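Worksheet for the structure shown next.
2 protein chains.
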Amino acid sequence: MNQDAAPTKKRRRAPEERRAAILEAARAAFAERGFAKTTVRDVAHRAGVTHGLVLRHFGSKEQLFLAAVPSPRTLMAEVAGDPKTLPARIARAYVRRMAESGGSDPFVAMLRAVASEEETAKRLFTVMQEDSLEMYRHVIPGPKLEERVAAVGAHLIGVTFSRYIFRSGPLASMSDEQLVRQLTRHLRGILLDQDD
Amino acid sequence: MNQDAAPTKKRRRAPEERRAAILEAARAAFAERGFAKTTVRDVAHRAGVTHGLVLRHFGSKEQLFLAAVPSPRTLMAEVAGDPKTLPARIARAYVRRMAESGGSDPFVAMLRAVASEEETAKRLFTVMQEDSLEMYRHVIPGPKLEERVAAVGAHLIGVTFSRYIFRSGPLASMSDEQLVRQLTRHLRGILLDQDD
DNA sequence: TCCACTGATGACCAATTGGTCAGTAGCAAC
DNA sequence: GTTGCTACTGACCAATTGGTCATCAGTGGA
Numbered sequence: 292m293n294q295d296a297a298p299t300k301k302r303r304r305a306p307e308e309r310r311a312a313i314l315e316a317a318r319a320a321f322a323e324r325g326f327a328k329t330t331v332r333d334v335a336h337r338a339g340v341t342h343g344l345v346l347r348h349f350g351s352k353e354q355l356f357l358a359a360v361p362s363p364r365t366l367m368a369e370v371a372g373d374p375k376t377l378p379a380r381i382a383r384a385y386v387r388r389m390a391e392s393g394g395s396d397p398f399v400a401m402l403r404a405v406a407s408e409e410e411t412a413k414r415l416f417t418v419m420q421e422d423s424l425e426m427y428r429h430v431i432p433g434p435k436l437e438e439r440v441a442a443v444g445a446h447l448i449g450v451t452f453s454r455y456i457f458r459s460g461p462l463a464s465m466s467d468e469q470l471v472r473q474l475t476r477h478l479r480g481i482l483l484d485q486d487d
Numbered sequence: 292m293n294q295d296a297a298p299t300k301k302r303r304r305a306p307e308e309r310r311a312a313i314l315e316a317a318r319a320a321f322a323e324r325g326f327a328k329t330t331v332r333d334v335a336h337r338a339g340v341t342h343g344l345v346l347r348h349f350g351s352k353e354q355l356f357l358a359a360v361p362s363p364r365t366l367m368a369e370v371a372g373d374p375k376t377l378p379a380r381i382a383r384a385y386v387r388r389m390a391e392s393g394g395s396d397p398f399v400a401m402l403r404a405v406a407s408e409e410e411t412a413k414r415l416f417t418v419m420q421e422d423s424l425e426m427y428r429h430v431i432p433g434p435k436l437e438e439r440v441a442a443v444g445a446h447l448i449g450v451t452f453s454r455y456i457f458r459s460g461p462l463a464s465m466s467d468e469q470l471v472r473q474l475t476r477h478l479r480g481i482l483l484d485q486d487d
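If you read the sequences in order, they're chains R and U. Everything in the first sequence is counted per this note's numbering, starting at 292 for the first residue and increasing by one. Everything in the second sequence is counted per this note's numbering, starting at 292 for the first residue and increasing by one.
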């Protein structure tokens, strides 16, 4: 990911590097502007190449999305552990992850794409949700697990929307630390909910 | 007499009716497919007119959005009343409203449009949030009002996303009644939260 | 130095789409 | 019927964009 001004005369012979640069550029672009508003030329420009090359490497815009967006799911491994402190761990892991990418996490890209009815993104999102359900399944006790996990997911989606997509209001200006605290409390309320 | 096959035979001389039909079609289309994926021709077709007429009436796609999407704000009036039962009232009002429109409420259209970085939609959304904050302000006691209202809003956004945009998972298949109950509990947890 | 290989370019294409506008057709009054 | 009005149509346009491909140029090997 270089941000050179003009089309630098790139050293050649580094196809893998360029491929990675394109993927990185795509991730950022999709997260920042959504699938529809991101053009292949956008991505190419950010990566310092021509759009022809992008298509040559990835075949189509959709395949580019597919290659760029799926994030290392490893983070969710934090779920394992004492159910008592689970809400706090989820909150911390979520906030840290978003902060690391400066708000252009693939999760944001996926939400944006799903909101535009991109079939590909919906499929990815489904997989992601199923995976995370599976993780929770071993950790959380009590009935109606699915419903509570879905509610936690929805809450996180809403927070992400407010903070990283809409980017306005208290949730957007709140410090990471305060967000972790607030999120911990709210997630606890949802997760420990004993329903009807 | 030429009575076209597909397009309605439409009696003329009812410009207001047609205008309304276009607005209705626009609302549905924007809610179902998002701003970017909705074409002026889509809307025109749904309303049984040509895209030329749509543009003639509303000037541009953006102005059409602006004319169609802002929803009657009246619903939020339900907020007033005993703070004790507020969560339940919010939950009921929300679920009823979404159910009435069969999931193509303007709120959905706005979320989709905001997720695509439509400036117009972001402005509308800002106004809507400010209005609702104002309503809550008279009703809810305690400190950090803004943060708690924002959290409630975020939760509702997330639920809307899961149930009416992504349309998959427990939140999507849950009955209206169960959703009201679950939402009531979760909103209560957020609203009554005594924070740091 | 010359050659072969392939990463990379950029011209080109077709489809889509928002937007314009001159002309048409339905309606009412005379 | 004729005339006048205007809602409405559909042809047209320009810009955008995803995608293709002939051609070029940097690189390593002989």
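Glycine residues also receive a C-beta, built at the ideal position from the N, C-alpha and C atoms. These numbers come from a predicted model, not from an experiment.
Residues of its chain near residue i, where Cβ-Cβ distance is below 6 Å and the 5 sequence neighbours each way are ignored
i             : result
residue 474/U : 382
residue 362/R : 397
residue 380/R : 369
residue 331/U : 342, 345, 352
residue 232/R : Since the displayed chain R opens at 292 and closes at 487, residue 232/R lies outside it and no answer follows.
residue 421/R : none
residue 428/U : none
residue 277/U : Nothing about residue 277/U can be read from this structure; chain U reaches only from 292 to 487.
Interface residues of chain U facing residue i [CB-CB closer than 8 Å]
i             : result
residue 417/R : 459
residue 348/R : Within chain U, no residue comes near residue 348/R; the closest Cβ sits about 25 Å away, beyond 8 Å.
residue 351/R : Near residue 351/R there are no residues of chain U at all, since even the closest Cβ is about 17 Å away, more than 8 Å.
residue 413/R : 457, 459
residue 375/R : Simply none; closest approach about 17 Å.
Residues that residue i contacts on chain U, provided the C-beta gap is smaller than 9 Å
i             : result
residue 484/R : 473, 476, 477, 480
residue 444/R : 449, 453, 460, 462
residue 405/R : 406, 452, 456, 457
residue 438/R : 461, 462, 465, 469, 473
Supposed close pair residue i, residue j - CB separation, criterion 8 Å
i             : j             : result
residue 320/R : residue 339/R : Actually they do not touch by this definition, with Cβ atoms about 13 Å apart.
residue 452/U : residue 445/R : 7 Å
residue 238/U : residue 377/U : A question about residue 238/U goes unanswered here, because the residues of chain U that appear run from 292 up to 487.
residue 336/U : residue 481/R : Not a contact, Cβ separation roughly 42 Å.
residue 461/U : residue 425/R : Incorrect: roughly 15 Å between the Cβ atoms, too far for contact.
residue 449/R : residue 433/U : Contact doesn't hold; Cβ gap of about 21 Å is too wide.
Residue i: contacting residues in chain R (beta-carbon distance under 8 Å)
i             : result
residue 448/U : 448, 449, 452, 453
residue 400/U : Those do not exist, as residue 400/U stays about 11 Å from chain R at its closest Cβ, beyond 8 Å.
Contacts around residue i, its chain only, beta-carbon distance under 7 Å, and the 5 residues preceding and following it disregarded
i             : result
residue 411/U : 353, 356, 357
residue 392/U : none
residue 314/U : 358, 359
residue 492/R : Since the first residue of chain R shown is 292 and the last is 487, residue 492/R is not available in this structure.
residue 323/R : 395
Residue i, enclosing alpha helix (DSSP H) - first and last residue
i             : result
residue 392/U : Run containing residue 392/U: none; DSSP gives neither H nor E here.
residue 448/U : 436–451
residue 427/U : 410–428
residue 461/R : 461–464
residue 485/U : Residue 485/U -> no alpha helix (DSSP H), and no H or E assigned at all.
Neighbourhood of residue i by C-beta, 8 Å cutoff - its chain only, sequence neighbours within 5 removed
i             : result
residue 469/U : none
residue 456/R : 399, 402, 403
residue 318/R : 359, 360, 395, 397, 400
residue 292/R : For residue 292/R, the predicted model reports a pLDDT of 39, less than 50, meaning its position is unreliable and no value from the coordinates is stated.
residue 407/R : 325, 326, 327
residue 334/U : 313, 316, 317, 320, 342, 345, 355
residue 372/R : 380, 430
residue 471/R : 379, 382, 383, 386
Chain U contact residues for residue i, given Cβ-Cβ distances below 7 Å
i             : result
residue 383/R : The premise fails here: residue 383/R is roughly 16 Å from chain U at the closest Cβ pair, so nothing lies under 7 Å.
Residues that residue i contacts on chain R, provided the C-beta gap is smaller than 9 Å
i             : result
residue 327/U : 325, 326, 327, 328, 407
residue 354/U : Residues of chain R passing the Cβ test: none, with the nearest at roughly 19 Å.
Interface partners of residue i on chain R, CB under 7 Å
i             : result
residue 322/U : Result: empty, since nearest Cβ-Cβ is about 11 Å, beyond 7 Å.
residue 441/U : 453, 460, 461, 462
Residue i beta carbon near the ligand ZN (any heavy atom closer than 6 Å)
i             : result
residue 385/U : Among the components of this structure there are no ligands whatsoever, and the ligand ZN is therefore not found.
Length-filtered (4 minimum) alpha helix (DSSP H) runs lying within the stretch 319–405 of chain U: Fully enclosed alpha helix (DSSP H) runs of 4 or longer: 331–338, 342–349, 352–359, 377–391.
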